[in-house]
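**Q** In this note's numbering, each residue's number is its place in the sequence shown (first place is 1) plus 2. Cβ coordinates follow ideal geometry from the N, Cα and C atoms, glycine included. Since this is a predicted model, take the numbers as computed values, not measurements.
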Amino acid sequence: MNTDASKKLMIFALYAGEILLKNGAETYRVEDTISLLCRSGHYEYTEVFVTPTGIFVSIDQKGDHTGHMTTFIKRIKNRSINLEKISLVNDLSRRFVAGHVCLEEAMQELKVIDRSPGYPFWQKAVFGGMGSALFAALFGANFLEFFFALLASILVTVTASKMDEASFPPFVCHMAGGAVAALLAVIASGVVPGVEMDKVIVGAVIVLVPGVAVTNAIRDSIAGDLISGMAKGAEAVIIATSIAIGVGAVLKTWLLLTGGSLL
């Protein structure tokens, strides 16, 4: 493989790893994908090291460590959850390694995957709200509590998303989301008879709970990626703490204003 083709392959592999990592893939999955793509170009030496915020790749086509080694680094600044993109990149990498698609076609397909907008925001807000309301129902919520959990969850999603677009830190976004959930819950419990705020709060904040971060932290730790596992575990704890602070601040303020009585 000539130098130009080798460079294109490395850019493709790094791009695929970037899409996986910034859309919520596990560390070992990113490393395996990049290694698989590089070895398909017959690199004798390929080393990949991935953290939640960066990708480091070193390659040596001859494998003799005589000065032909090249290192690539990619910083990941923004991360989200999009399992569909992860699935599409996995499928593309398998087809590429199997020889069913050439490098140029694979690169174009990768760009399409990266630029795809995903689900519309209103769908994520509405269906996320439905999931939250059903979660509240699991805790015994009645029809009114179900409705307010749905409404609160939509408002929480809108608040957290808009603050994230405004470049607020994730800690602040989740704290604001928790505060919005608690505020609507205490207002609903005070105005509408038969509404218990705990069920509304539990349902509303479920859209903020870092379930994927916890799962990936466990899977990375089991796979031996201890740094990534600890980092993602710490991220999950910080998110959970920020939600609790937001909810707790509103409830404490409500207690002070009502003289120590939660309606």
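#1: Shortest alpha-carbon distance to residue 41 belongs to which of 59, 254, 27 and 28?
#2: Spatial neighbours of residue 162 within its chain, please: CB distance less than 6 Å, with the 5 preceding and 5 following residues excluded, ordered by chain position.
#3: Going by other Cβ atoms of all chains shown within 10 Å of its Cβ, with 16 needed for buried, is residue 231 buried or exposed?
#4: May I have the straight-line CA-CA distance separating residue 9 from residue 131, to the nearest angstrom?
#5: Please go through the same chain and pick out, in chain order, the residues whose beta-carbon is closer than 7 Å to the beta-carbon of residue 173, but skip the five residues on each side of it.
#6: Using 10 angstroms around the beta-carbon of residue 17, count the other beta-carbons present and answer buried if the total reaches 16, otherwise exposed.
#7: Just to confirm, is the Cβ distance from residue 248 to residue 181 under 7 Å?
#8: Going by the DSSP bridge assignment, what does residue 60 pair with across the sheet?
#9: Do the region 19–27 and the region 84–95 touch if we need at least three Cβ pairs shorter than 8 Å?
#10: Going by DSSP in three states, residue 267 sits in which element: helix, strand or coil?
#11: So the candidates are 57, 125 and 169; which of them puts its Cα closest to the Cα of residue 29?
#12: Give the DSSP-derived three-state secondary structure of residue 162 in the structure shown.
#13: Run through DSSP, which three-state label would residue 144 get?
#14: If we ignore side chains and look at the alpha-carbon of each, how far apart do residue 46 and residue 119 end up?
**A** Inspection of the coordinates gives the following:
#1: Ranked by how close their Cα comes to the Cα of residue 41, the residues 59, 254, 27 and 28 have 59 in first place.
#2: So the list reads 175 and 179, once near-sequence residues are dropped.
#3: The residue in question, residue 231, is buried, as its Cβ has 16 or more Cβ neighbours within 10 Å.
#4: Between residue 9 and residue 131, the alpha-carbon positions lie close to 46 Å from each other.
#5: Here the set comprises 240 and 244.
#6: Residue 17 is buried by the Cβ-count criterion.
#7: At a Cβ-Cβ threshold of 7 Å, residue 248 and residue 181 count as neighbours.
#8: 49 and 73, per the DSSP bridge assignment.
#9: Taking a contact to require three or more Cβ pairs closer than 8 Å, the region 19–27 and the region 84–95 qualify as touching.
#10: Outside the displayed span of the chain (3 to 265) sits residue 267, for which this structure offers no information.
#11: Per the Cα distances, 57.
#12: If DSSP states are grouped into helix, strand and coil, residue 162 belongs with the helices.
#13: Residue 144: coil per DSSP, three-state reduction.
#14: When rounded, the distance between both Cα atoms is 37 Å.
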